[in-house]
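Participant: So the sequence shown is numbered by my numbering: it starts at -7 and just counts up by one. Note that beta-carbon positions come from the ideal geometry of N, C-alpha and C, so glycine has one too.
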Amino acid sequence: MSINFLPNAVYKPETCIRATIEAADKFDFPIDKIIFEVTEAEPVRDPQHLQGIFDAYQSRGFITAIDDFGAGFAGLNLLSRFKPNIIKIDMDLCRGIAEDETKKAITAGIVNTARALKVDVIAEGIEELDDYKVLADLGIKLFQGYLFARPEIEKLPVPDFSLFE
């Protein structure tokens, strides 16, 4: 389960952590399956505060991620400073990558950098089989998007893997 937050929105990470742990305990949800994702939708005003948030989450066993990587304000600076467990490549880079050599080159660079830093990569917004194949060939192993399943209300979606048989 992913919990998104804006870089300047968390005042005290301990409060968020406490509320998250209480909810996880109430619903018997494993803490190590919770991902805190910072989005690059706004500039980071206080990098030391955000570093403290990442440190607090990681020290408690939560997974951390940079969401929409490649589309926002910080890009590689955010990656180098905060060392998340995961980066999620923005869907605008992933969509149409099968026909776009520039997107392929940029994404290959991101994947190689993440591999060198031991950061996992998720490709977002995958809707076309050709895009999936290119991203998989680049070494990405984790994907999300309508190609696999559409969101459901009050139930888990059933993935469709028939395209991969």
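Three or more C-beta pairs closer than 8 Å, one from the stretch 117 to 132 and one from the stretch 80 to 88: is that the case here?
Facilitator: At 8 Å Cβ cutoff, the stretches touch.
Participant: Indicate whether the contact test is met: 3 or more Cβ pairs, each with one atom in the stretch 46 to 56 and one in the stretch 98 to 107, closer than 8 Å.
Facilitator: They do not touch, by the three-pair rule.
Participant: Straight-line CA distance for residue 150 to residue 143?
Facilitator: For residue 150 and residue 143, the distance between alpha carbons rounds to 9 Å.
Participant: Would you list the one or two residues that DSSP bridges to residue 112?
Facilitator: In the DSSP output, where bridge partners are listed per residue, residue 112 has 78.
Participant: Do you know offhand how far residue 78's Cα is from residue 113's?
Facilitator: Going from the Cα of residue 78 to the Cα of residue 113 covers about 6 Å.
Participant: On a Cα-Cα basis, can you pick out the residue from -6, 148, 141 and 133 that is closest to residue 59?
Facilitator: Of -6, 148, 141 and 133, the residue nearest in Cα terms is -6.
Participant: In angstroms with no decimal places, state the Cα-to-Cα distance between residue 16 and residue 148.
Facilitator: When rounded, the distance between both Cα atoms is 18 Å.
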